[in-house]
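In terms of the working numbering, the sequence shown is numbered consecutively and its last residue is 1651.
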Amino acid sequence: EDCGVQYVRYMPEYDDPTSAIGRGWRSTFQANDRASAEEALVQLGSSWEWQADGSLKTVTASVPAIRTDDQPTDAKRTGEKTFFNSVVAAYTGWNDSRNDGSKAVQLGPERSKDIQAGNKDGEESVYLDGAAIAAAVRVMDEVCVAFSWRAGDILLLDNRTVMHAR
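1. Terminal residues of the continuous alpha helix (DSSP H) containing glutamine 1528?
2. Which residues does DSSP pair with threonine 1543 in a beta bridge?
3. Between the segment 1491-1506 and the segment 1533-1553, are three or more C-beta pairs nearer than 8 Å?
4. Straight-line CA distance for isoleucine 1639 to valine 1572?
5. In terms of alpha-carbon separation, which member of Arg1511, Arg1552, Thr1545 and Arg1623 lies closest to alanine 1589?
6. Could you compute how far the alpha carbon of threonine 1513 sits from the alpha carbon of serine 1587?
7. Return the CA-CA distance between aspartate 1665 and glutamine 1556, expressed in angstroms with no decimal places.
8. Relative to the C-alpha of valine 1548, which residue among Ala1525, Asn1570 and Asn1517 is closest?
9. Return helix, strand or coil for isoleucine 1618, following the three-state DSSP convention.
10. DSSP beta-bridge partners for tyrosine 1499?
11. Could you please give me the residues that DSSP links to leucine 1592 through a beta bridge?
12. Helix, strand or coil: which one does DSSP assign to alanine 1574?
13. Residues in its own chain within less than 6 Å of arginine 1562 by CB, not counting five upstream and five downstream?
14. Got a sec? Which residues, its chain only, sit under 8 Å from aspartate 1581 by beta carbon, not counting five neighbours each side?
15. Could you name the residues of the same chain whose beta carbon sits closer than 8 Å to that of threonine 1646, not counting the 5 residues immediately before and after it, in chain order?
And the structure:
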C-alpha cells in the first residue's frame, strides 16, 4: 500500500494482435517516430529503453495500488480503500513473445531499494509474489457478481470502486 507499483512492458514498433497488450509503441503514444514516443514518455513520467529489435521497454512512474475513494466528483465518495490497479491483469495476462507477466509489475522504487539493500536476491524480490496474486484472484472470484442481461439493459459501474469484466 505504501510503496506503489510500476508496470513494465515491452511494445513492438507496430501493433501485434497476438499479444494481450496488442498495441505497439507507435499506436500507444500516437507517435510517428522515437522522438515523439520519448516526449510522451517524459510527460507520463515513465522511463524507457529502446531494444535492438526496435521494440520499446517502458517502466511507468510509481502509482498507488491501493487508493482511498475520496476524490472529489459529482458522486458521493465512500472514503473506503480500494484495490485500484491493473496488477492482476498485468501479472496474469501480459504474457507474449516479449513480455513475462510475472515481471510486468514491480514494487515502487523506494520499496525496491529497501528490499534490495537487505536481500542479496533483491533483483527478484522487486517483483510481486505469485502467491499474493493468486490470493487476490481468489478474493476477486469470491466477491464477483454476475448480472443477467436482457436486450436493452444498461449497467452503470463506478470504476473507482468496482472492478469490471466483460
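Ideal placement from N, C-alpha and C gives every residue a C-beta, glycine not left out.
Computed from a predicted model, the values in this text were never measured in an experiment.
Checking against the coordinates, here is how it stands:
1. Element bounds for glutamine 1528: 1519-1529.
2. Arg1494 and Trp1533, per the DSSP bridge assignment.
3. Yes, since at least three Cβ pairs between the segment 1491-1506 and the segment 1533-1553 fall closer than 8 Å, the two stretches touch.
4. Take the alpha-carbon of isoleucine 1639 and the one of valine 1572: they are about 28 Å apart.
5. Of the candidates Arg1511, Arg1552, Thr1545 and Arg1623, Thr1545 places its Cα closest to the Cα of alanine 1589.
6. If you take the alpha carbons of threonine 1513 and serine 1587, they lie about 22 Å apart.
7. Only positions 1486 to 1651 of the chain appear in this structure, which leaves residue 1665 out of reach.
8. Measuring from the Cα of valine 1548, the nearest candidate turns out to be Asn1570.
9. Helix at isoleucine 1618.
10. Beta-bridge pairing links tyrosine 1499 to no other residue.
11. Beta-bridge pairing by DSSP links leucine 1592 to Val1490.
12. Note: alanine 1574 maps to helix in three-state DSSP.
13. Only Asp1554 and Asp1555 meet the Cβ criterion.
14. So the qualifying residues of the chain are Asp1501, Thr1503, Ser1504, Ala1505 and Ile1506.
15. Excluding sequence positions up to five before and after threonine 1646, its CB lies within less than 8 Å of the CB of Asp1554, Thr1563, Glu1565 and Thr1567, all in the same chain and listed in chain order.
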